[in-house]
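Let me begin by presenting the structure, written as structure tokens, before commenting on it.
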Amino acid sequence: MTKVITYGTFDLFHQGHYNLLKRAKELGDYLIVGVTTDHFDESRGKLNVVDSIMERIENVRNTGFADEIIIEDHEGQKIEDIKKYGIDIFTLGSDWEGAFDYLGQFCKVVYLERTPNISSTMLRKNQFKIVNVGIVGTGRIAPRFVAEAKYVSGINIVKAYNPEVESGKLFERKYDIECLTDSYEDFVEQVDAVYIASPNETHYIYAKIALEHGKHVLSEKPLGFTRAASEELYQMAEDRGLVLLEAVKTAYCPGFQQLMNVAQSGKIGQITDVEACFTRLANPEARECTDGQYGGSFLEFGSYTLLPIFKLLGTDYKAVHFNSIYGENGVDFYTKVQLEYENSMATCKTGVRVKSEGQLVIAGTNGYILAESPWWLTKKFEVRYEDEDQIEVYEPTFQGDGLRYEISAFISKINGNEKNGYKLTAEEAIAMAEITEKFMEKKREHR
Ligand code: C2G
0 MTKVITYGTF DLFHQGHYNL LKRAKELGDY LIVGVTTDHF DESRGKLNVV
50 DSIMERIENV RNTGFADEII IEDHEGQKIE DIKKYGIDIF TLGSDWEGAF
100 DYLGQFCKVV YLERTPNISS TMLRKNQFKI VNVGIVGTGR IAPRFVAEAK
150 YVSGINIVKA YNPEVESGKL FERKYDIECL TDSYEDFVEQ VDAVYIASPN
200 ETHYIYAKIA LEHGKHVLSE KPLGFTRAAS EELYQMAEDR GLVLLEAVKT
250 AYCPGFQQLM NVAQSGKIGQ ITDVEACFTR LANPEARECT DGQYGGSFLE
300 FGSYTLLPIF KLLGTDYKAV HFNSIYGENG VDFYTKVQLE YENSMATCKT
350 GVRVKSEGQL VIAGTNGYIL AESPWWLTKK FEVRYEDEDQ IEVYEPTFQG
400 DGLRYEISAF ISKINGNEKN GYKLTAEEAI AMAEITEKFM EKKREHR
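Each residue of the sequence shown is one higher than the last, beginning at 0 in numbering that gives the first Met the number 0.
This is how it looks when you write it as structure tokens:
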């Protein structure tokens, strides 16, 4: 009996998939089809799969060609499967020509001619309109957004906006994206959605005007400086059926959710303390070190550190205390925030002129989780116990600098897909604004 194996995502199942499976089956007597998990697809850079794994499996099953369907969930699995199932022929479409020749040491490798003029990418494009995005603010983060957006399908960066003409024109020349410098309203009218990466104090108003004009918003944090401001914008978005997302990129990194899930799995017992630290020694001339009102470490990094705390302990804290070391210009060079909960506690530490160990420690009654810097990208974390030899290491996959995941979540939400909605809820974002508000009050007292 000749055993054949093939793999695929099989998203938005189409004629190309059908033909491929038919011909794969004809290569032998028994066909095994490996269907990829969302997680595996995410790790190999396919960020926009529409159908659930169950739908994709069902579609493969309905062809009647597969004698057996298996799940593909990690790199390196193909070799395992070939050995495990005693495979004679490995096959894929000709778009993969050459890529799997190395499997030739284990079985025969056949590339079947790909069906022309049809692909899941094409169908996704037809099903969903390309989202034309305008970038507001052309400072340090905008170029990173441009670079990372290239990995997400369904997004087109069409315009930029910056009232500071010189900076705007520099960006325009460098990235070949037209930058408008005049009326924000005119700019907003020319796009479907905005990504707000302007100075902190402008996020709220830029977001509000965009929402008023019926545009989706992805805003750098903090979105607003008060709970009321943040609530108002989320309510506006909801009333108008628009997407409003805060760019707390950690929330969308694949490993971060896994870290949260492991923490809540009972492995480390009752979660008792969460300590999150994020410091970066910034250029003393940079805005975060010079702007006494809207700069400083907490506004810069606070939302990252609050994220695991709210995810694990909830937003219903009993009390919050702030301690900051201020520069003469009123900037908080270092801030420590302590939150009290019924049966647990948490600490955030942020710094722009003070350097500390950037780690996340989640302490439980049975053990703890340690995620070292850069835990906010969550490339690695460990579960540790009293017995110091017992360490479980997790190394989730992560690509680029993390922005692609939040961009992908933003675009898929605009396309009506809510599957990433739990990653940063409006409730969590509003609670972050509430902490920001209390922090700002404290800071004003200092001044
Ligand atoms: N295919 C085809 N003709 C098309 C489109 C796709 O023959 N017009 C084939 C692909 O070459 C692949 C299969 O259909 O063999 C599934 O395609 P996808 O769902 O795009 O999955 P893919 O990313 O190619 O998975 O481990 C996963 C595999 O390495 C490849």
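Each residue gets a CB set at the ideal place from its N, CA and C atoms; glycine is no exception.
Mind checking which residues open and close the alpha helix (DSSP H) that includes residue i?
| i | result |
| --- | --- |
| THR289 | 286 to 289 |
| LYS80 | With the sequence shown as reference, residue 80 is identified as Asp, and Lys is not the correct amino acid for it. Per DSSP, ASP80 belongs to the alpha helix (DSSP H) from 76 to 83. |
| THR120 | 119 to 126 |
| LYS463 | Nothing in the structure corresponds to residue 463, since the chain is present only between 0 and 446. |
| THR137 | Segment: none, THR137 is in no alpha helix (DSSP H) and carries neither H nor E. |
| LYS437 | 425 to 445 |
| ALA408 | 402 to 413 |
| LYS24 | 14 to 25 |
| TYR150 | Counting along the chain, TYR150 falls outside any alpha helix (DSSP H), and DSSP gives it neither H nor E. |
| GLU188 | 183 to 188 |
| VAL59 | 52 to 61 |
Any Cβ of chain D within less than 7 Å of the Cβ of residue i?
| i | result |
| --- | --- |
| ILE31 | In summary, chain D is missing from the structure at hand, where a single protein chain is found. |
Between which two residues does the beta strand (DSSP E) carrying residue i extend?
| i | result |
| --- | --- |
| GLY92 | 88 to 92 |
| ALA362 | 359 to 363 |
| VAL382 | 380 to 383 |
| ASP331 | 331 to 339 |
| GLY350 | 344 to 350 |
| THR5 | 2 to 7 |
| TYR393 | 390 to 393 |
| GLY33 | 29 to 35 |
| ILE129 | Where ILE129 is concerned, there is no enclosing beta strand (DSSP E), given that its DSSP letter is neither H nor E. |
| TYR160 | 154 to 160 |
| GLU177 | Premise fails: GLU177 is in no beta strand (DSSP E) and is neither H nor E. |
| GLU417 | No beta strand (DSSP E) holds GLU417; DSSP gives it neither H nor E. |
| GLU67 | 67 to 71 |
| LYS107 | 107 to 111 |
| TYR447 | Absent from the structure is residue 447, since the part of the chain shown begins at 0 and ends at 446. |
Whose CA, out of the options, lies closest to the CA of residue i?
| i | options | result |
| --- | --- | --- |
| LYS348 | ASN365, ILE368, ILE324 and ARG143 | ILE324 |
| LEU306 | ARG403, TYR421 and ASP181 | TYR421 |
| THR278 | PRO253, THR225, SER355 and MET344 | SER355 |
| PRO198 | TYR160, GLU188 and GLU230 | TYR160 |
| TYR333 | THR36, LEU222, CYS276 and ALA23 | CYS276 |
| LYS149 | TRP95, TYR174 and THR289 | TYR174 |
| ALA262 | LEU179, PHE144 and LEU369 | LEU369 |
| PHE224 | THR396, GLY301 and VAL59 | GLY301 |
| LYS248 | ASP10, LYS24, ILE154 and PRO221 | PRO221 |
| ALA362 | GLU41, THR271 and GLY399 | THR271 |
| GLY366 | GLU25, LYS266, TYR404 and ILE406 | LYS266 |
| ASP50 | ASN58, ARG43 and THR1 | ASN58 |
| GLU245 | ALA425, ASN18, HIS13 and ILE434 | ALA425 |
| GLN337 | GLU381, LYS437, LEU402 and ILE204 | LYS437 |
| GLU74 | GLY326, PHE12, TYR6 and ILE88 | TYR6 |
| ARG43 | LYS107, ILE52, PHE397 and GLY240 | PHE397 |
| ILE156 | VAL164, VAL187 and TRP95 | VAL187 |
| GLY240 | VAL353, ARG226 and VAL216 | VAL216 |
| VAL273 | GLY313, ASP238, ALA285 and ALA250 | GLY313 |
| GLY291 | PHE89, ASN328, THR36 and MET235 | ASN328 |
| ARG60 | LYS124, ILE86, VAL32 and ASP37 | VAL32 |
| LEU30 | THR435, GLN76, GLU67 and HIS13 | GLU67 |
| PHE105 | ARG113, PRO115, SER119 and TYR84 | TYR84 |
| GLN257 | ARG22, GLU381 and GLU25 | GLU381 |
What do you get for residue i, buried or exposed, if any count of 16 or more other CB atoms within 10 angstroms of its CB means buried?
| i | result |
| --- | --- |
| LEU311 | buried |
| GLU299 | buried |
| GLY103 | exposed |
| ILE410 | buried |
| LEU280 | exposed |
| ALA98 | exposed |
| THR137 | buried |
| ALA318 | exposed |
| SER93 | exposed |
| PRO253 | buried |
| GLY63 | exposed |
| ASP331 | buried |
| HIS320 | exposed |
| GLN389 | exposed |
| SER343 | buried |
| MET0 | exposed |
| SER264 | exposed |
| MET431 | buried |
| GLY295 | buried |
Is residue i close to ligand 3? I mean its beta-carbon at under 6 Å from any heavy atom of the ligand.
| i | result |
| --- | --- |
| GLU71 | No copy of ligand 3 occurs in the structure displayed; its ligands are ligand 1 alone. |
List in chain order: all unbroken beta strand (DSSP E) runs of 3+ residues lying wholly within the region 259 to 331. Assignment of beta strand (DSSP E) within the region 259 to 331, counting only whole runs of 3 or more residues, yields 270 to 278 and 318 to 325 in chain order.
Complete alpha helix (DSSP H) runs within the region 192 to 251 (minimum length 4 residues, chain order): Entirely contained in the region 192 to 251, the alpha helix (DSSP H) runs reaching 4 residues are, in chain order, 202 to 211 and 226 to 239.
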